[in-house]
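Below: the structure, in structure tokens.
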Amino acid sequence: MFGGLFDGVALATSSPAQLRAIDERLYAHDDLYADVAYNTGGFQWWERDAVDRLFPTSGRVFVWAAGGGREMVEFARRGFAVEGCEYNSALAAGVDVAFDHAGTRHGRMHACERDMWPPTATGPYQALVLGWSSYSLVRGRGTRVELLERAASVLDPGAPMLLSYFAATDAHRYIRSVALGGRLTARWFGVSAPERGDMLTPNFAHMFEEQGLRAEVEAAGFEIVEISTVGVARAVCRRVVMSDDRSDGCL
Ligand SMILES: C[S@@+](CC[C@H](N)C(=O)[O-])C[C@H]1O[C@@H](n2cnc3c(N)ncnc32)[C@H](O)[C@@H]1O
């Protein structure tokens with residue numbers, strides 16, 4: 017209860033720069049993402065399951081929030097042409113090291129800003145992975161939908177996207193406390209209240225109910241193919257085929 021109230025106050029009064037600094041430091045000092053054995057260790061089970069069943073077996077794939085390159089290296093091993101981005105320069109520095117260690121063809125890294133799709137990543141891509149839990153680390157519904165819209169614009173129609181996230185399951189009391197702390201602080205200081213589902217872990221994260229996630233994804237031109245909260249919460253989505261896609265008569 018009190019932890020939630022405190023997080024609500026902190027979220028309402030923290031600047032984007034402060035939240036960025038927490039996130040950047042947390043990951044830069046987490047040895048896991050600089051560990052070459054981890055970064056060459058392949059997919060987690062839920063990623064392997066999704067990729068094996070629902071991704072194409074070749075083509076051009078993009079990994080957003082690539083960390084030290086774990087998913088990128090595994091796609092390269094499987095013969096994909098892989099590209100990616102990572103805003104945290106301490107983590108991004110490990111990507112080439114991981115490719116060297118794995119002995120695979122290097123993927124292409126794009127420079128990018130936090131929360132944003134890299135402007136040089138123009139595709140077309142046949143598949144997309146938003147790195148482990150990263151969608152939940154983007155603050156603000158509008159920012160998240162814009163990110164997905166940009167991604168959709170460079171994906172082939174029907175291309176799959178794997179998106180993992182923090183589920184709101186079992187956290188309803190905490191969510192209510194954060195909302196209360198955030199609302200009271202916002203009223204008192206005349207600032208914006210956090211969105212329902214925002215949390216501190218201690219870096220910023222947003223927890224989703226399935227309905228809210230579905231609405232964001234659909235607003236950006238994707239549909240959810242399957243969704244699960246067993247283990248890591250994740251959804252495999254598909255870039256919706258739009259009428260423009262058919263204008264050249266190819267589909
Ligand atoms: C749990 S790590 C996963 C890293 C890598 N994909 C893996 O699985 O090993 C989350 C990643 O999201 C990135 N990230 C955090 N907040 C972000 C934001 N707002 N915009 C873009 N990337 C973010 C972090 O820098 C980190 O690389």
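Numbered per the numbering used here, the sequence shown spans residues 17 to 267.
Where is the CB? At the ideal position from N, CA and C, for every residue including glycine.
Here the structure is a predicted model, which is why all the values come from computation and not from measurement.
| query | result |
| --- | --- |
| When Gln142, Leu163, Ala184 and Pro134 are compared against Thr73, the one with the closest alpha-carbon | Gln142 |
| Alpha carbon of Leu21 to alpha carbon of His117, nearest angstrom | 46 Å |
| Burial state of Thr136 (16 or more Cβ within 10 Å) | exposed |
| Nearest-angstrom Cα separation, counted from Val194 out to Val77 | 37 Å |
| Same chain, Cβ closer than 6 Å to Leu70, neighbours up to 5 away in sequence not counted | Pro176 and Val252 |
| Endpoints, alpha helix (DSSP H) assigned at Ser74 | Neither: Ser74 is in no alpha helix (DSSP H) and is coded neither H nor E. |
| Which of helix, strand or coil DSSP assigns to Gly100 | strand |
| Start-to-end residues for the beta strand (DSSP E) that takes in Ser259 | Here Ser259 belongs to no beta strand (DSSP E), and DSSP marks it neither H nor E. |
| Same chain only: Cβ atoms within 6 Å of Val98, ignoring 5 sequence neighbours per side | Val77, Met88, Phe91, Ala92 and Gly123 |
| Heavy atom of ligand 1 within 7 Å of Leu171 beta-carbon | no |
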